[in-house]
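Heads up: the first sequence is residues 973 to 1438, going by our numbering. No residue lacks a Cβ here, since even glycine has one placed at the ideal position from N, Cα and C. Everything numeric in this text was worked out from a predicted model, so none of it was measured. These notes concern the structure reproduced below.
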Amino acid sequence: MTVKLYNTLSRTKEIFKPIRAREVGLYTCGPTVYNYAHIGNLRTYLFEDILKRTLVYNGYTVKHVMNITDVGHLTGDRDMGEDKLEKGAQREGKTAWEIAAYYTRAFQKDIERLNILDPTIWCKATDTIPEQIALIRTLEEKGFTYHTRDGIYFDTARFPDYTRLSHQNLDALQEGARVEKNPEKRNATDFALWKFSPEGVQRQMEWDSPWGVGFPGWHIECSAMSMKYLRDQLDIHCGGTDHIDVHHTNEIAQSEAATGKPFFNFWMHGAFLIIAGGKKMAKSEGNFLTLENAFVNQAIDPLAYRFAAFLTHYRKPMEYSADAIEGARNGLQHLRNQVRTLQEKAGDIAAQGTGNAEFRAKFMTEINDDLNMPRAMAVVQELLKSDLDASVKLATLYDFDNVLGFDLAQVDQEEKLPEDIQRMADERLQARADKNWALSDELRDAIQDRGYLVQDTPQGTKVFKP
RNA sequence: GGCGGCAUAGCCAAGUGGUAAGGCAGCGGCCUGCAAAGCCGUUAUUCGGCGGUUCGAAUCCGCCUGCCGCCUCCA
């Protein structure tokens, strides 16, 4: 089976071929940990999870590196010395280091709740300062840098293929359209590799460097870390679509300028989650929803978001609405109920291996076509509606779940009922035996109010948490 | 201004030349003491608008309308 992936570099779907035969190097841009991730951020990590699981499903081993940006980028060229982490620290009365540690944990909890597989390697920007400095020094030796009063900058005019990824027309760039421009920059697209700590200011995060005390620029960490951990396996680099024009363009420029070799063969970008009115979800827009407040606190299983995300292709903007989430929530619950029903009918599932080969091939065709999850989800429905034996269906579903990540094999693990719920269930059983329907219905309502489902089946009454 | 994207049923959406996937909601039925769950069936003569190319277009071309992203950090 071949995997086709849309490569932003060529703007076409290409047949994926890793540098090594069976092991893929994957780098995914991680969060800046100065606040909670919002569900729009999380959409991108879900896309990357599907990418990784699809590669694994195809028999590849994936060496996955994700960075944690725990040093603040400046909020703008002119905000001398103020960055998001230090600002967050001020806001919350903690140190920048505490802020970073706190939101790193929060992020890791979020991805765990979404069943996103952990990367092979987590790496922190602050742990690779020496590598970043070394990279900047190489660039300096090769003549790609220049000093300004506030830092060391990369001269993009020296890198001929600067717009390879962005396909921008540099003459038409409107520098300073939204922010005051830095008069010392030689070209509008030049960017800082190293920033000096402002005079008279003691930053919480600053390091010595050959150029003076300061902190790394906005893009250098990803170059340094991907080269450090993936070396000669620079296969796929992912991030949000907003990274194409600036962050990834600059990463390519500085990396290739330093090494003289191509940086990553595949660049993949996830589209935004948008909300009513078509606006992106963003911290700066003040419309951001976290997994915590939009799902966990609403008693909605976070996996409903996973389900929802798979109903839209990763390269298309996804409409967020309460109705859409309600639909996904119901869809996931329905799927789990179907699995429960199958489990009751199924015989030896293990004997079925990975299930039905025909459906497996169909499923694989879809995920291998640039991760077409909406179609893969349709294949799941087709399988469910087919007249295959329950054990075969279930084995096939469990196999698909290696990619889907809905924990379908776990739905049968019914937890023990709390004592009072169990007592009500017992009383209701007696009421039914007495044909006291009024009492029976009252008890059913009471149990359901507590979040449990009551089902009277031919095999007896079942009470469980949905 | 440049680059890029979006517009398909009540909602979320797939589909890039061959006559509209799938999910949710709704409706009808089976089952049930009634439900729930499950199952079966059903729901767009039509794809933002107007032209054009073609035997044939949601899909290609032109024009128009509306919306959005990036060009500052941002998934």
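If you draw a straight line from the alpha carbon of residue i to that of residue j, how long is it in whole angstroms?
i, j, result
"residue 1096", "residue 1289", "30 Å"
"residue 1029", "residue 1020", "14 Å"
"residue 976", "residue 1004", "30 Å"
"residue 1379", "residue 1307", "11 Å"
"residue 1072", "residue 1092", "20 Å"
"residue 1081", "residue 1195", "26 Å"
"residue 1078", "residue 1036", "20 Å"
"residue 1139", "residue 1132", "13 Å"
"residue 1438", "residue 1425", "6 Å"
"residue 1150", "residue 1354", "At residue 1150, the pLDDT of 48 sits below 50, so the modelled position is not reliable; the number obtained from the coordinates is stated separately. Straight-line Cα distance between these residues: approximately 50 Å."
"residue 1346", "residue 1099", "39 Å"
"residue 1094", "residue 1014", "17 Å"
"residue 1065", "residue 1381", "44 Å"
"residue 1112", "residue 989", "34 Å"
"residue 1251", "residue 1245", "8 Å"
"residue 1389", "residue 1395", "9 Å"
"residue 1034", "residue 1391", "46 Å"
"residue 1134", "residue 1154", "20 Å"
"residue 1193", "residue 1266", "32 Å"
"residue 1318", "residue 1431", "15 Å"
"residue 1160", "residue 1219", "14 Å"
"residue 1316", "residue 1309", "11 Å"
Within 10 angstroms of the Cβ of residue i, are there 16 or more other Cβ atoms? Answer buried if so, exposed if not.
i, result
"residue 1349", "buried"
"residue 982", "exposed"
"residue 1051", "Confidence in residue 1051 is poor, its pLDDT being 43 and thus under 50, which makes the residue's placement unreliable; the coordinate value appears in the next sentence. Looking at its Cβ environment, which holds fewer than 16 other Cβ atoms inside 10 Å, residue 1051 is exposed."
"residue 987", "exposed"
"residue 1363", "buried"
"residue 1211", "buried"
"residue 1172", "exposed"
"residue 1053", "Note on residue 1053: pLDDT 42, under 50, position unreliable in the model; the coordinate value appears next. By the neighbour-count rule (16 or more Cβ atoms within 10 Å), residue 1053 is buried."
"residue 1239", "buried"
"residue 1333", "exposed"
"residue 973", "exposed"
"residue 1340", "buried"
"residue 1025", "buried"
"residue 980", "buried"
"residue 1164", "buried"
"residue 1188", "buried"
Report yes if the CB atom of residue i is closer than 8 Å to the CB atom of residue j, and no otherwise.
i, j, result
"residue 1224", "residue 1136", "yes"
"residue 1177", "residue 1012", "no"
"residue 1314", "residue 1273", "no"
"residue 1213", "residue 1241", "yes"
"residue 1268", "residue 1383", "no"
"residue 1209", "residue 1198", "yes"
"residue 1279", "residue 1300", "yes"
"residue 1207", "residue 996", "yes"
"residue 1262", "residue 1010", "yes"
"residue 1042", "residue 1000", "no"
"residue 1060", "residue 1141", "no"
"residue 1108", "residue 1190", "no"
"residue 1032", "residue 1063", "no"
"residue 1292", "residue 1247", "yes"
"residue 1230", "residue 1337", "no"
"residue 1123", "residue 1044", "no"
"residue 1351", "residue 1022", "no"
Would you please state the rounded distance, in angstroms, between the beta carbons of residue i and residue j? I believe it to be under 8 Å.
i, j, result
"residue 1090", "residue 1125", "No, residue 1090 and residue 1125 are not in contact; Cβ-Cβ is about 36 Å, not under 8 Å."
"residue 1342", "residue 1074", "Their Cβ separation, rounded to whole angstroms, is 36 Å, which puts residue 1342 and residue 1074 out of contact at 8 Å."
"residue 1175", "residue 1058", "7 Å"
"residue 991", "residue 1205", "6 Å"
"residue 1086", "residue 1018", "6 Å"
"residue 1105", "residue 1181", "5 Å"
"residue 1120", "residue 1156", "4 Å"
"residue 1179", "residue 1101", "5 Å"
"residue 1282", "residue 1335", "Wrong, their Cβ atoms sit about 12 Å apart, outside the cutoff."
"residue 1243", "residue 1286", "7 Å"
Answer yes or no: the CB of residue i versus the heavy atoms of the ligand MN, is any distance below 7 Å?
i, result
"residue 1327", "Absence of the ligand MN is noted for the structure shown, with no ligands found whatsoever."
Next on the checklist: For the stretch 1325-1337 against the stretch 1368-1376, do three or more pairs of beta-carbon atoms, one drawn from each stretch, fall closer than 8 Å, so that the two count as touching?
Outcome noted: Enough Cβ pairs lie closer than 8 Å, so yes.
Checklist entry - So does the stretch 1390-1406 actually touch the stretch 1414-1425, counting three or more Cβ pairs closer than 8 Å? => result Yes: at least three Cβ pairs fall under 8 Å.
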